[in-house]
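Working notes, structure below.
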C-alpha cells in the first residue's frame, strides 16, 4: 500500500497545512505524497511563501501541486511543464501524467475550463482534454489510472449520488473534466475550488450486464485549508498501484457503488452543446467515442458471449421503497450525518436521549446485524470501540442496543451514560428488572458470542451491549414495546429523564440539530479512524 494525502485549496496557508501534516504523520506514521488541488497560492502577501522558497522552512513531505486558476497567481508557475517551486514542493505542470516511484499513475490537469482560444495560462481547453485522453486511452490495454487531479469539480458528479450540499452539480463544475474522468476511469478523483468537502459514493465504470466488471471511482472534493467551519481539507488514503493488483481484487465493487454520474441518457448531447469548439475537438465527440465502445458484440445465439454475471460480487441489498437511512437516498437527513466510513456511517439520533446520542448505520440497505457481510461487521466493531474510547475520555460509558423489529434499516443506537450516574451493573439490572415487569425474557449471552449464531436471519430480536462487553438478548416472538431500550435508559435508575422515552417528544429545530452535529464532528475528529486510511 502507498499511503498518501490529498488537500484542497491551500490559498497560501502553508504553515497551517504543513503543521497539520506533521501532526498526522506523528500520529499515523509517514505518508508518501501530498497532492494539492485548487488554489495553492492565495491573494495574500507572500511572507510565508518566501520562507519556504528560500529554504528557511521546508515541507515535511513530497508535495505536488496543480497550477494557477487565476491571473494573480500565474507568476508563481514559470514553467508550463512543471518545476520545483521550493524544496519538497513541485508544480506538476499544465497537464500530463506523473508516475510515482511505486508505479502509481497520477494524471493532472491544471487550471479552470475555457472554451475561448487562445487559452490564458490559468485555463485548459477542449484540446488539452482531448490530447490527454488520446495520450492515455487509445491503447487496448488501457484500464484506467490510479489518481486524477483537477481543480474544478466535474459537472454532473452528483447524479445518482449522495447529496453534494450547497453545490449544484448540474450548474457548477466543468463538463470537460467530466468527460476526462469518464474516459480515464481514475480510482480516485480529487478536486477543490468550491470551499466544501464532498465525498461522493463510489460509482461504477462499466455498464452492468453488458460489460465485464471494472473498478469503481471515488470522487472527493476538499475544502480550503484552515477554514473556520472545520470542513475537511485533508484526506488520507491508501492505494496499491493498479499495475500491481490482481484483476479480481481491482474490480471488487464496494457495497454502496452507484451508477456512473456522467452516463446519463441524453446528457452527452447536452455536454456537447455547451462546447462551441470544432467538432473533432468537442467534448461531445469524446463522449460519443466512449459510448460506441459500450455495446460489446453479442453472439448470434442472442446471448452475451462472455457472461460476466457469476463473477460480480453481490451488491448490497437495495431498499424496496424510500428509506430514511440509506446514505444514497434523498430521504436521509444529511445534516445529522457526523462521520462516514467505508461501509458504515455515524449520525446523530433524531430526538436523541442526549446531545451525543448517535447511531451507527450501514451505508448499504441491511436490515439487521445478522445480515451484515464480514467487512461491514468489522467496521461496525471499529466504530463501537472508537465511540467507547471517545465517550470514556468524556467521563461516559456507552450502551449500545439494536431492535430488529418493525424496522427496515439497521440502526445501532449508541447512548452515552455519565459514569457519575450509575455503574454498569446498575444499567444491566435496570434492563433485566424492567424486562421482567413487561414479561420480556432478556437472556445474558456469552460476551464473545456473535448475534449471528443466536438469531436466525429474518428473526426479530432486541439486544443490548454494555461497555464491559456483556450482552443481553431477547428473541421477539409477537409484540415488543418499540421504545423499550429508550424507556430503560431514560428511567430514574439511569439517566432519570422519564419524559424523554419517546423520541418524538425530544425533537429540536433543524438549526439546533446542525449545531449539535457540528459540535460532535469537531469533538470526534481526534478519534476519527477514517482519516487514517
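Numbering (the UniProt record's numbering), first residue to last: 1 to 533.
Glycine included, every Cβ here is placed at the ideal spot set by N, Cα and C.
All values derive from a computational prediction rather than experimental measurement.
Item to check | Among 232, 94 and 508, nearest to residue 538 - alpha-carbon criterion | outcome: Because residue 538 is not part of the residues shown, which for the chain are 1 to 533, the question remains open.
Next on the checklist: Taking 6 Å as the limit between beta carbons, can you name the residues of its chain near residue 487, skipping five residues before and five after?
Outcome noted: Taking the chain shown and counting its residues from 1, the one referred to as residue 487 is at position 487. If we look at residue 487 and ignore the five residues flanking it on each side, its Cβ neighbours are 501.
Checklist entry - In whole angstroms, what separates the C-alpha of residue 127 from that of residue 507? => result As a working mapping, residue 127 is identified with position 127 in the chain shown. As a working mapping, residue 507 is identified with position 507 in the chain shown. Spanning the two alpha carbons is a distance of roughly 54 Å.
Checklist entry - Could you give the residue range of the alpha helix (DSSP H) that holds residue 181? => result Against the chain shown, residue 181 aligns to sequence position 181. Counting along the chain, the alpha helix (DSSP H) containing residue 181 begins and ends at 175–184.
Next on the checklist: Quick check on DSSP: helix, strand or coil for residue 2?
Outcome noted: Position 2 of the chain shown, counted from the start, is the residue given in the question as residue 2. Strand, per DSSP.
Next on the checklist: Please report the distance separating the alpha-carbon of residue 234 from that of residue 350.
Outcome noted: Reading the chain shown from its first residue, position 234 is the one you call residue 234. Reading the chain shown from its first residue, position 350 is the one you call residue 350. Approximately 29 Å between the Cα atoms of the pair.
Checklist entry - Leaving out the 5 sequence neighbours to the left and right, which residues in its chain are closer than 7 Å to residue 461 when beta-carbon positions are compared? => result Residue 461 sits at position 461 when you count from the first residue of the chain shown. Once the five neighbours on either side are set aside, the close Cβ partners of residue 461 are 404, 455, 473, 474, 475 and 476.
Item to check | Stretch-stretch touch, CB-based, cutoff 8 Å, three pairs: the region 426–442 with the region 402–416 | outcome: no
Checklist entry - Counting along the chain, where does the beta strand (DSSP E) carrying residue 146 start and finish? => result Translated into the one-based positions of the chain shown, residue 146 becomes position 146. 145–150 is the extent of the beta strand (DSSP E) around residue 146.
Next on the checklist: Does residue 430 come out as helix, strand or coil in the three-state DSSP assignment?
Outcome noted: Residue numbering aside, residue 430 sits at position 430 when the chain shown is read from its first letter. Helix at residue 430.
Checklist entry - What residues in its chain sit with their C-beta under 6 Å from that of residue 117, if we drop five residues either side in the sequence? => result Position 117 of the chain shown holds residue 117. There are no such residues.
Item to check | Beta-carbon separation (whole angstroms), residue 122 vs residue 69, contact threshold 8 Å | outcome: Looking up residue 122 in the chain shown gives position 122. Looking up residue 69 in the chain shown gives position 69. The pair is a contact, with the Cβ atoms about 6 Å apart (cut-off 8 Å).
Item to check | residue 73 (DSSP reduced to helix, strand or coil) | outcome: Walking along the chain shown from the start, residue 73 turns up at place 73. In the structure shown, residue 73 sits in a helix (DSSP, three-state: H, G or I).
Checklist entry - Can residue 98 and residue 113 be called in contact, C-beta distance under 8 Å? => result Here residue 98 is taken as the residue at index 98 of the chain shown, counted from 1. Here residue 113 is taken as the residue at index 113 of the chain shown, counted from 1. Not a contact, by the Cβ cut-off of 8 Å.
Checklist entry - Are at least three pairs of beta-carbons, each pair with one atom in the region 136–147 and one in the region 156–167, less than 8 Å apart? => result no
Checklist entry - Whole beta strand (DSSP E) runs in the region 204–232 with 3 or more residues, listed along the chain? => result 216–221
Item to check | Distance CB(residue 520)-CB(residue 338) smaller than 8 Å | outcome: Numbered from 1 along the chain shown, position 520 holds the residue referred to as residue 520. Numbered from 1 along the chain shown, position 338 holds the residue referred to as residue 338. Yes, they are a contact pair.
Item to check | Nearest candidate by alpha-carbon position, reference residue 216, set 260, 192 and 226 | outcome: Against the chain shown, residue 216 aligns to sequence position 216. Ranking 260, 192 and 226 by Cα distance to residue 216 puts 260 first.
Item to check | As assigned by DSSP and simplified to three states, the class of residue 494 | outcome: For the purposes of this step, residue 494 is taken as the residue at position 494 of the chain shown. The answer is coil: DSSP assigns residue 494 none of H, G, I, E or B.
Next on the checklist: Please classify residue 189 as buried or exposed, where buried requires at least 16 other C-beta atoms within 10 Å of its C-beta.
Outcome noted: As a first step, residue 189 is located in the chain shown; it is residue number 189 there, counting from the start. Classification of residue 189: buried, given that the 10 Å Cβ count is 16 or more.
Item to check | Bounding residues of the alpha helix (DSSP H) (the contiguous stretch that carries residue 342) | outcome: Locating residue 342 in the chain shown gives position 342, where the first residue counts as 1. Looking at the DSSP string, residue 342 is not in any alpha helix (DSSP H), and its letter there is neither H nor E.
Checklist entry - Any idea if residue 224 is buried or exposed, counting beta-carbon neighbours within 10 angstroms, 16 or more meaning buried? => result Numbered from its first residue, the chain shown carries residue 224 at position 224. Answer is buried; the Cβ neighbour count reaches 16.
Next on the checklist: I'd like the span of the beta strand (DSSP E) that includes residue 417, first residue to last.
Outcome noted: Taking the chain shown and counting its residues from 1, the one referred to as residue 417 is at position 417. It spans 412–418 - the beta strand (DSSP E) in which residue 417 sits, taken as one unbroken run.
Item to check | Cβ-Cβ separation, residue 262 to residue 182 (assumed contact under 8 Å), whole Å | outcome: Looking up residue 182 in the chain shown gives position 182. Looking up residue 262 in the chain shown gives position 262. Sure, about 4 Å apart at Cβ, within 8 Å.
Checklist entry - Relative to the alpha-carbon of residue 151, which residue among 400, 6 and 375 has its alpha-carbon at the smallest distance? => result On the chain shown, position 151 is the one that residue 151 refers to. That would be 6, whose Cα lies nearest to the Cα of residue 151.
Item to check | Given 8 Å, three or more beta-carbon pairs between the region 12–31 and the region 49–65 | outcome: yes
Checklist entry - What residues match up with residue 96 in a beta bridge as DSSP calls it? => result Here the question's residue 96 lines up with position 96 in the chain shown. Paired residues: 108.
Item to check | residue 534 (DSSP reduced to helix, strand or coil) | outcome: Any question about residue 534 goes unanswered here, given that the chain covers just 1 to 533.
Next on the checklist: According to DSSP, simplified to helix, strand and coil, what is residue 377?
Outcome noted: What you label residue 377 is simply residue 377 of the chain shown in a count that begins at 1. Residue state, collapsed to three classes: helix.
Next on the checklist: Measuring CB atoms only, is the region 321–333 touching the region 360–375, in the sense that at least three cross pairs come out at less than 8 Å?
Outcome noted: yes
Item to check | Beta-carbon proximity of residue 236 to residue 197, cut-off 8 Å | outcome: The residue you call residue 236 lines up with position 236 of the chain shown. The residue you call residue 197 lines up with position 197 of the chain shown. Taking 8 Å as the Cβ cut-off, residue 236 and residue 197 do not qualify as a contacting pair.
Checklist entry - Is the Cβ-Cβ distance between residue 41 and residue 3 less than 8 Å? => result Sequence index remark: in the chain shown, residue 41 carries index 41 (1-based). Sequence index remark: in the chain shown, residue 3 carries index 3 (1-based). It is not a contact, given that the beta carbons lie outside the stated cut-off.
Checklist entry - For residue 469, which of 87, 489, 425 and 245 has the nearest alpha-carbon? => result Stepping through the chain shown from its first residue, residue 469 is reached at position 469. That would be 425, whose Cα lies nearest to the Cα of residue 469.
Next on the checklist: So residue 415 and residue 489 are supposed to be a Cβ contact under 8 Å. How far apart are they, rounded?
Outcome noted: Along the chain shown, read from residue 1 onward, the residue named residue 415 stands at position 415. Along the chain shown, read from residue 1 onward, the residue named residue 489 stands at position 489. That pair is a contact at about 5 Å.
Item to check | Secondary structure of residue 130, DSSP reduced to three states | outcome: Locating residue 130 in the chain shown gives position 130, where the first residue counts as 1. Here residue 130 sits in helix by DSSP.
Next on the checklist: Could you tell me which whole beta strand (DSSP E) segments of length 3 or greater appear in the region 8–52?
Outcome noted: 33–36
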